[in-house]
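Structure first, then comments.
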Amino acid sequence: MLSSSGVPLNWYLLLSAILFCIGIAGFLYRRNVITVFMSIELMLNAVNLSFVTFSYKFQQVDGHIFTFFVMVVAAAEAAVGLAIILTVFKNRKTLQVDDINSLKN
Amino acid sequence: MNFYLLTLIKVAVVAGVFLTALAYLQWIERKVLAHIQLRPGPYRVGPHGLLQPLADVIKLITKEGFIPSHVNRFFYTLAPVLAVSLALVSISVLPFGPRIEVFGIETWMQLTDLKIGVLFVLAVSAVGVYGVALAGWASNNKYSLIGGLRSSAQMISYELPYAVAIAAPLLLLNTLSFREIVNAQSGYYFGFLPRWTIFQGPFPQIISFLIFLIAGFAETNRIPFDLPEAENELVAGYHTEYASMMFASFFMAEYANMLTVSLVATLMFLGGWNAPLPLPVSGFIPTVILVLVAAICFYHGAQPYRKWDRFTFPAAGIISLGLAAIFLVPILQPILLPLFWFIAKAGILLFVFIWIRGTLPRFRYDQLMHFAWTFLFPVAMLNLLVTGLMVALFGK
Amino acid sequence: MLPEPLRDYAPAVALEELNPAMIVGGHADRGEPTLYLNPDHLLEACQKLKERFAFIRISSVTAVDRYPEEPRFEVVYHLHSLENNARLRLKCQVGGPAPAVPSVTSVWSGANWYEREVFDMFGVEFRDHPDLRRILMPDDWEGHPLRKDYPTHGHKYSYKD
Amino acid sequence: MDPFLFLLLAAIAVICALNLVVQTHPISSALSLVGVMGSLAILYLLLGAEFIAAAQMIVYAGAIMVLFIFVIMLLNAQGERLTRRGAYVKIFGVPLMALFLGLVAFVIQAALPRSEMVHFGGFTHGGPADIGRSLFTQYLLPFEVVSVLILIAIVGAIVLARKEID
Amino acid sequence: MPEVSPEISEEVSTAGTETAETRKRRLTVNMGPQHPSTHGVLRVVIDLDGEVITSAQPDIGYLHTGIEKQCEAINWSQVTTLTDRVDYLANLSNNLVYALAVEKLIGDIEIPPKAQWMRVLLAELQRISSHLVWLGTHALDLGAMSMLFYCFREREQVLKLFEMFSGQRMMTSYIRVGGLALEPPRGWHQRVKNFVDIFPSRIDEYEALLEHNPIWLERTQGVGYISVDDMLAEGVTGPMIRAAGLPWDIRKNEPYSSYDKFDFKVATRTANDVYARYQVRMEEMRQSTRIIQQALEGMPEGPWKADYQHVTLPDREKMKTQMEALIYHFKIVTEGFRVPPGEVYQAVESPRGEIAYYVVSDGTSKPYRVFMRTPSFGNVQSIGTLLKGKLIADSIASMGSMDFVLGDVDR
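If you read the protein sequences in the order shown, they are chains A, B, C, D and E. Per the numbering used here, residue -18 is the first one in the first sequence, and the count goes up by one each step. Per the numbering used here, residue 10 is the first one in the second sequence, and the count goes up by one each step. Per the numbering used here, residue 3 is the first one in the third sequence, and the count goes up by one each step. Per the numbering used here, residue 11 is the first one in the fourth sequence, and the count goes up by one each step. Per the numbering used here, residue 731 is the first one in the fifth sequence, and the count goes up by one each step.
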């Protein structure tokens, strides 16, 4: 399987899957809202890797475009999400997701 | 010749020259600042303090690397490493000269040419915030933290005009590779006006050049934008808690960033190693300058102000006369002339950096942010739009 | 009853008219008018001087320790009128185990620190002062350094934690 | 050369990702994520996605993650305490996760021919010019929609942050 | 300027009555006593609401040396050396005010015109040197570090002049009761003339560097306002009050030491901000140069100290030839001269404002009480009013514009 000059395409996809699973694990396991947020970013990254890999496989640029859009959406999401976290922290003085379980106090 | 061996040699040469240049940049800064401020500057170690950088390095290395007990050890040690390595890495894509032939081997005066070289430089400078921000956070000290926060906000804010200012000339040049960028700026209008981007039609990029320089000052945290380390307000900002080599790493990073900004500005706006005048004339300019330098040195040597001037000035004069002669050797000219112009342009920009530091006061923090968002960024955007319009209407 | 040199001095005359018990003495030594005031009427007099004779500035407040005479402290106020380009010195003599005078901070807010300094250095209390605590010496210092019975040298002090 | 580079970067990415989940302090997690992004950027380069690699560094590592770190520093976030739910995840989640991973791996193995290899330089249309051409022709509408989205996000972020300033 | 370890404490106020709506970030920042920009050991406790200062409480006493107490234990003539140490950037003004106060107490002592002219000249030189220190350090606080070196270049010349006549650069003790300590050496007046000839062009140089600089203007204009009424109430004097448009200068209003014979203008501005204070000080340096020029041109001939054998030391020649002079010399040196009982209050205009000594004599050879009304004390008292409601980022520029000397505050 190990040729001198190439990597099996599967490996990229497997790496993507592993990263995605770790992202899920972090999302479920962690209790800090910022870390949870970062786990989501990790999952997005894993998916991006798949897109780029498929782009290679089909020799088309569309996967790159999609990755690009994911990045833009991630940037927007980070801006709004972090603003929400800031506001929540000002009001509740906590970053624990378990403590942020009600809409009003 | 073996590609790997050649690359290794080039890496060694570039790293050696670059690091020495950093050390001497600091010497030059101290000398220039001192002369602006009417003092002699470093003077004791070696003739005119020329060995001062060496003494500094020895002193800083042998000094105790003190880690305060209240810091976050891992990030505290990681931050300077990050700062200095990220500052040094962008040199790998910058070319210093054209394709040359040494001992029958043809090579470029460049480590590697990325197709996306400009993007690479931008990416590295974008990540460069981490060193400063982490240092401020890991020091576990209010002044450091405020310095770190200020610098993250400042660097993110100035990243935008910085990138937009680079984008405008790219519209004219239509490439992201530094080699091609320089090649696209060769040639002259009317036989004397160089086709550098700051002069190039259809829309000369003088505005983006200025914006790039201003944002470059902010990116490198230098006066008038040195809020992160404003010593009169925050003591020393993010490196308050650092000592010895770790402290020096931040300085190295600052000087490396300064050098990178100057080199990128030279490549992007000032035509890289292209001479400002066509060849037969420009070929003699270095010789003339060096002969003038030698004359000044001999004059001062003849009228010594201090005891050792009788020897040091004539020695410097002889060296520059020798260099002047070397510049006339026809075989060496294709190598030396581009290098001379490249270093001369970058050197002038570096001098501007130091000169500004010696003259200007510091912004207040809100004024600095105000300046970035309400002046620099809109102007950069407008410049980009106008450039795009001009290229679309009158471009090739 | 006004002393001889101050008979023609308008502020003194005015205060005397206001309340004969206000001024207990005075002199105009070396051309500097000085009024000795009764501490009980100090605020009233200051108010009057500020309003009527434009002594809008208080240049300083200090004290002199006449130990071992009694009353031992003279609290000295230097007033200044920019309008009339005139200066006036007021004095209050206080003594006893707990010397105290009314604070003039309600008239001139700038007297704040000067009164704190007098309190710090002489131990004279200023009644109704907004923030009467030591200013130059440490908060837990014992004694009042500018008193005449306080030694110039040889005082021992150890810092408390 | 390629497999070695891939394995090295993949190892770094996985270790950093695990570190993200394991570390208790948000700053450590954020830096691990930067590590993941850096190694992914180089993997993108191996796959011929030059522009995406640069964008990954500039946008993801240089802007989004700096924003994260900025917020963590601003809030002076401390290490978190784990709750009971965290323990549940540890007991039941890990086997389930392994199962899920195995399933995905099986699907990948089954769906794709095993002999297909990735060579560096096997795909050369990932430069800025190609991306730009696609973006402004075929994908023009999504591009414009996304720019509106960004505008909305900026406005939203400002509105949310304003609330606490006033 | 030495960089010292920071002392900053911060606590989020946790007042229980605050509701979620009114809760804001409240910080208490402790600036100093060791901070590079407080110019000495001043501590300011600042309460912040976001970026805005809600209250600022200066805390002084870190440099208290007990000079007033010490004055009561030494001779009248020995006190002169202590007055140098009060405001070490304007020591000659302190010498002058002490000498004037004691001379007023003695009463019938006549100061010869030459000594008076010299006193004016020296006080103005001192004013220039003090303002130069202020300009350099203030510019350094705002990040313009080269200004410091330019200002110290000229200050160095002034200090050399001081060293030339008194042997000391800073603690000159040159103005004594009854005149001067010594006659200035030969060539000194020429050196002063050389200095005042070039100095106006140097002021132009500073102005060229600062006034055409948009960053400097932006950081100083409209910053650090405090109303005239507040300043008068808090006891602020000197350039601060003149920058608010009040032409109050003790040199004009209560002329001492023949200031009334000199032609000069009181520098005033009306903007009442940091920039106006800067302009006032620049203008004062120009006026001081004018005064020095006039003093040099009209320097009277004659003795440089009063002929008053009870107070001033006799000439060396006289002492060696006349028995009586020797006895007076011996008495003054060993026991000190006696001053008639009484009390005086003498004010002069120092570079920082009204400096006044209240001296009480009980007729012995030692002062009974010397009270020093120093300008910085009153100025620093107003920091609370000055900073309240301002931005924390402007606090350094505002406090710097006050030009306080901590030795002058704490004594």
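Quick reminder that beta carbons are idealized off the backbone N, C-alpha and C, glycines included.
Asked: Limits of the alpha helix (DSSP H) - the one that S61 (chain A) falls within; Found: Residue 61 (chain A) is actually Val in this sequence, not Ser. Counting along the chain, the alpha helix (DSSP H) containing V61 (chain A) begins and ends at 43 to 73.
Asked: Where the region 125 to 145 of chain C meets chain G: residues whose CB sits under 7 Å from a CB there; Found: Note that chain G does not occur in the displayed structure, where the protein chains are A, B, C, D and E.
Asked: Residues of the region 857 to 876 of chain E with Cβ closer than 8 Å to any Cβ of chain B, in chain order; Found: A869, L870, D871, L872, G873, A874, M875, S876
Asked: For V98 (chain B) and L43 (chain D), the rounded distance between their alpha carbons; Found: 21 Å
Asked: Below-7 Å beta-carbon distance, V17 (chain A) vs any chain D residue; Found: no
Asked: Within-7 Å CB hit, I1 (chain B) to chain D; Found: Any answer about residue 1 (chain B) is impossible in this case: the structure gives chain B only from 10 up to 405.
Asked: Any chain C beta carbon closer than 7 Å to L962 (chain E); Found: yes
Asked: Cβ-Cβ separation, L53 (chain D) to L106 (chain D) (assumed contact under 8 Å), whole Å; Found: Going by Cβ atoms, the distance from L106 (chain D) to L53 (chain D) rounds to 27 Å, so no, they are not a contact pair.
Asked: Backbone CA spacing between L341 (chain B) and I335 (chain B) [nearest angstrom]; Found: 8 Å
Asked: Nonlocal neighbours in the same chain, by C-beta distance under 7 Å from L145 (chain D), ignoring five residues either side; Found: F153
Asked: Closest Cα partner of V156 (chain D) within the set A:V69, A:A56, A:T68; Found: A:A56
Asked: Candidates C:R9, C:L81, C:R89: closest to C48 (chain C) by CA position; Found: C:L81
Asked: Classification of P49 (chain B) by the beta-carbon crowding that lies within 10 angstroms, buried from 16 upward; Found: exposed
Asked: Residue-chain proximity (A1123 (chain E), chain B), Cβ-Cβ < 7 Å; Found: yes
Asked: Buried versus exposed, by CB contacts within 10 Å (16 or more), F1101 (chain E); Found: buried
Asked: Neighbouring residues, chain D, relative to M52 (chain A) (Cβ below 7 Å); Found: A65, V69, Y70
Asked: Burial state of V22 (chain B), where buried means 16 or more other Cβ atoms lie within 10 Å; Found: exposed
Asked: Straight-line gap, A1055 (chain E) to A911 (chain E) (C-alpha atoms, nearest Å); Found: 18 Å
Asked: DSSP three-state assignment for E38 (chain B), whether helix, strand or coil; Found: helix
Asked: Status (buried if at least 16 other CB within 10 Å, exposed otherwise) for G1137 (chain E); Found: buried
Asked: Proximity test, Cβ basis, 7 Å: G112 (chain C) and chain E; Found: yes
Asked: Meets three-Cβ-pair contact criterion under 8 Å: the region -9 to 1 of chain A and the region 51 to 65 of chain A; Found: no
Asked: Under the three-state DSSP convention, the category K754 (chain E) falls into; Found: For K754 (chain E), the pLDDT reaches just 46, beneath the cut-off of 50, and the residue's location in the model is therefore unreliable, although a value from the coordinates is still provided. DSSP places K754 (chain E) in coil when its eight states are reduced to three.
Asked: V24 (chain D) - DSSP class collapsed to helix/strand/coil; Found: helix
Asked: 7 Å Cβ cutoff met for V1089 (chain E) and V1110 (chain E); Found: no
Asked: With 16 other Cβ atoms within 10 Å as the buried cut-off, status of I1122 (chain E); Found: buried
Asked: Q312 (chain B) burial status per 10 Å Cβ neighbour count (16 or more: buried); Found: exposed
Asked: CB contact check: L18 (chain D) to chain A, cutoff 7 Å; Found: no
Asked: is_contact[D12 (chain D), chain A] using C-beta, thresh 7 Å; Found: yes
Asked: From E:R1141, E:Q1023, E:I1085, residue whose alpha carbon lies closest to that of V850 (chain E); Found: E:Q1023
Asked: Where P147 (chain C) falls: helix, strand or coil (DSSP); Found: coil
Asked: Contact residues within the region 991 to 1005 of chain E, judged by C-beta distance below 8 Å to chain C; Found: none
Asked: DSSP three-state assignment for E748 (chain E), whether helix, strand or coil; Found: Below a pLDDT of 50, predicted positions are generally treated as unreliable, and E748 (chain E), at 39, falls in that range; the measurement from the model is reported next regardless. The answer is coil: DSSP assigns E748 (chain E) none of H, G, I, E or B.
Asked: Closer than 7 Å to chain D by CB, W146 (chain B); Found: yes
Asked: Segment contact, 8 Å Cβ cut-off, at least three pairs: the region 216 to 230 of chain B with the region 98 to 115 of chain B; Found: no
Asked: Chain B residues whose Cβ lies nearer than 8 Å to that of A73 (chain D); Found: A135, I165, E168
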